[in-house]
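Residues 666 to 1076 (the numbering used here) are what the sequence shown spells out, left to right. No residue lacks a Cβ here, since even glycine has one placed at the ideal position from N, Cα and C. Computed from a predicted structure; not experimentally measured.
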Amino acid sequence: MNLNEIKDYFPILNQHVNGHPLVYLDSSATSQKPKSVIAALEDYYKNINSNVHRGVHTLGTKATDAYEGAREKVKTFINAKESAEVIFTRGTTASLNLVAQCYAREFLKEGDEILITQMEHHSNLIPWQQAAKKTGAVLRYIPLSPDGTLDLQIVEKAITTNTKFVSITHVSNVLGTINPIKKIAELAHQRGAIICVDAAQSAPHLKVDVQDLDCDFLAFSGHKMAGPTGIGVLYGKRNLLEEMIPYEYGGEMIDFVGLYDSTWKELPWKFEGGTPIIAGAIGLAAAIDFLEQYGLDQIRLHEENLIKYALDQLSNIEGISIYGPSQLEQRSGLITFNVDNVHPHDLATVLDSQGIAIRAGHHCCQPLMKWLNVSATARASFYLYNTEKDIDLLVDGIKTAKQYFENAIFN
Ligand SMILES: Cc1ncc(COP(=O)(O)O)c(C=O)c1O
666 MNLNEIKDYF
676 PILNQHVNGH
686 PLVYLDSSAT
696 SQKPKSVIAA
706 LEDYYKNINS
716 NVHRGVHTLG
726 TKATDAYEGA
736 REKVKTFINA
746 KESAEVIFTR
756 GTTASLNLVA
766 QCYAREFLKE
776 GDEILITQME
786 HHSNLIPWQQ
796 AAKKTGAVLR
806 YIPLSPDGTL
816 DLQIVEKAIT
826 TNTKFVSITH
836 VSNVLGTINP
846 IKKIAELAHQ
856 RGAIICVDAA
866 QSAPHLKVDV
876 QDLDCDFLAF
886 SGHKMAGPTG
896 IGVLYGKRNL
906 LEEMIPYEYG
916 GEMIDFVGLY
926 DSTWKELPWK
936 FEGGTPIIAG
946 AIGLAAAIDF
956 LEQYGLDQIR
966 LHEENLIKYA
976 LDQLSNIEGI
986 SIYGPSQLEQ
996 RSGLITFNVD
1006 NVHPHDLATV
1016 LDSQGIAIRA
1026 GHHCCQPLMK
1036 WLNVSATARA
1046 SFYLYNTEKD
1056 IDLLVDGIKT
1066 AKQYFENAIF
1076 N
């Protein structure tokens, strides 16, 4: 993988911020977009902009072909059995809410158990809180191991015959933990439970194969994987999606509309009410093409090397606490940490003044902050365009910030 060449594909990275070359270390929040994705969006609006599935005119046909072609591309990317199992949504949050509304709220009942973990992003937590309130189901948490991983023996004990629904993140956006989804899916299915996977932080970085994982639902966002904002995917097994009644009604998703009743289109369109996110889907297809040029295995390898380097360099900083597992194979490409005497927001501000973009805060994981016993953390997250030099600049920046605040405190 030629790293310099990769950076050149991302025009935004070739700029100065606050007088310094930009070092972008916030890809877990949103990734940057390569020229080919920007060009695909421009091409759509310049040359084939039209609504899909409606017109018989040439542009309408071209837009429909491009939109449905994008679905086919996603199908292959995640190895779904058929493109009908790929539903386009606004993103991971929308996908998880769709499952909560149309599956959990419909099919769970009082006394059933929904099982999640304390490392979930709010988007994979609040929908289940609400589903539990609505149905009388009980929301339970699988305890985390001290290093922020899931112990399969504990998972096995936590899944009981009352467990009807399990929803787990594939990769934690705070700890970086890669969860053993395939094994958890096996355990869930042994007890007759459905498993939903939040793949917001895995689909961009690891090979995700829904048939191999044998998950029932899987959600991810285009904007975290070099694609545009406003597009995401919900994968679901056909038999489950067939059973579910849609919750967004209107144009595009109907078959027949009478005065008092209506029928829906077949999958996947019954869940895509209204004009779909046409440009977004086309941009996502271009992003998949871009990532596949390198291959998800290569991207993972590159990030593993960066993480190893970053862990080595960062752990030399006195007073730093790094969260999450220490085993590289259990970690994805992000590092969350705190530095003694420096609030993470102050650290992010000082780094920003040096052109280095990191994230500070609770990362939409307040229950996990509670588990870590902190109110906020700093997070540096990497993608295929990052280099060891970016990490060197981060480490220098942290040292400068630390010195600055320690001088302010002790002088
Ligand atoms: C693990 C995880 N789940 C869900 C989400 C929500 O994704 P989106 O805001 O694209 O819907 C995020 C976003 O940061 C995330 O990291």
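Report task. Look at the alpha carbon of L809 and the alpha carbon of M1034, and state the distance between them as a whole number of angstroms. Result -> 13 Å
Requested in this report: Could you tell me the distance, in whole angstroms, from the CA atom of H835 to the CA atom of Y925?
Outcome: 43 Å
Query raised in the report: When the Cα atoms are used, what is the spatial distance from N1006 to D1061?
Result: 17 Å
Requested in this report: Could you tell me whether any non-hydrogen atom of ligand 1 is closer than 7 Å to the CB of A865?
Outcome: yes
Report task. Would you kindly work out how many angstroms separate the C-alpha atoms of L949 and N1072, rounded to a whole number? Result -> 47 Å
Query raised in the report: When the Cα atoms are used, what is the spatial distance from K829 to L1012?
Result: 43 Å
Query - First through last residue of the beta strand (DSSP E) which encompasses W934 - result: Per DSSP, W934 belongs to no beta strand (DSSP E) and is neither H nor E.
Query raised in the report: Between I843 and V862, which are expected to be in contact by the criterion C-beta below 8 Å, what is the C-beta distance as a whole number of angstroms?
Result: So it is not a contact: roughly 12 Å between Cβ atoms.
Query raised in the report: What span of residues does the beta strand (DSSP E) with G897 cover, start to end?
Result: G897 to G901
Query raised in the report: Would the region 746-761 and the region 931-948 be scored as touching if the rule is three or more Cβ pairs under 8 Å?
Result: yes
Query - ligand 1 heavy atom lying under 7 Å from the CB of S832 - result: no
Requested in this report: Run the proximity test for N904: is its beta-carbon closer than 7 Å to any non-hydrogen atom belonging to ligand 1?
Outcome: no
Query raised in the report: Span of the beta strand (DSSP E) holding E778?
Result: E778 to T782
Report task. Let me know the beta strand (DSSP E) ranges lying completely inside the region 819-871, each 3 residues or longer, listed in chain order. Result -> 828-834 and 859-863
Query raised in the report: So what does DSSP say about V1015, is it helix, strand or coil?
Result: helix
Report task. Measure the beta-carbon distance from E778 to R805 and round it to whole angstroms, keeping in mind my assumption that it falls under 8 Å. Result -> 5 Å
Query - Contact set for V839: own chain, Cβ-Cβ below 6 Å, skip 5 residues either direction - result: T1001, H1028, C1030 and L1033
Query - For A884 and G897, believed in contact at Cβ under 8 Å, the rounded distance - result: 7 Å
Requested in this report: Would you decide whether H870 is buried or exposed? Buried here means 16 or more other CB atoms lie within 10 Å of its CB.
Outcome: buried
Query raised in the report: Is the CB-CB distance between S867 and V873 below 8 Å?
Result: yes
Query raised in the report: Is the beta carbon of L761 less than 8 Å from the beta carbon of A1045?
Result: no
Query raised in the report: What's the C-alpha gap between E733 and G945?
Result: 12 Å
Query raised in the report: Is G756 near ligand 2, judged by its Cβ being under 7 Å from some heavy atom?
Result: Among the ligands in the structure shown, ligand 2 does not appear; only ligand 1 can be found there.
Requested in this report: Under 6 Å Cβ to Cβ from A796, same chain only, skipping five residues before and after it: list those, please.
Outcome: A765, A769 and R770
Query - Selected residue, minimal CA-CA separation from D881, among H888, G887, M890 and G901 - result: G901
Query - Among R903, T758, E1053 and E785, nearest to E747 - alpha-carbon criterion - result: R903
**Report entry** The alpha helix (DSSP H) enclosing R736, as first and last residue numbers
**Finding:** T723 to I743
Query raised in the report: Any idea what DSSP makes of S770, helix, strand or coil?
Result: A quick correction: the sequence has Arg, not Ser, at residue 770. Three-state DSSP puts R770 in a helix.
**Report entry** Same chain, Cβ closer than 6 Å to T928, neighbours up to 5 away in sequence not counted
**Finding:** D920 and F921
Query raised in the report: According to DSSP, is N1003 helix, strand or coil?
Result: strand
Report task. Could you work out which residue in G960, P893 and G984 is closest to A1078 when comparing CA atoms only? Result -> An answer regarding residue 1078 cannot be provided, because it is not within the stretch 666 to 1076 covered by the chain.
Requested in this report: Quickly, what does DSSP pair H685 with across the bridge? List them, please.
Outcome: V682
Query raised in the report: From the DSSP output, which residues share a beta bridge with T754?
Result: G897
Report task. Find out if the Cβ-Cβ distance for the pair A1066, L1016 is shorter than 8 Å. Result -> yes
Query raised in the report: Which of helix, strand or coil does DSSP assign to A662?
Result: This structure does not reach residue 662, given that the chain is present from 666 up to 1076, and the question cannot be answered.
Query raised in the report: How would you call P629, buried or exposed, if buried means at least 16 neighbouring beta carbons within 10 angstroms?
Result: Outside the shown range of the chain, which is 666 to 1076, sits residue 629, and nothing can be said about it.
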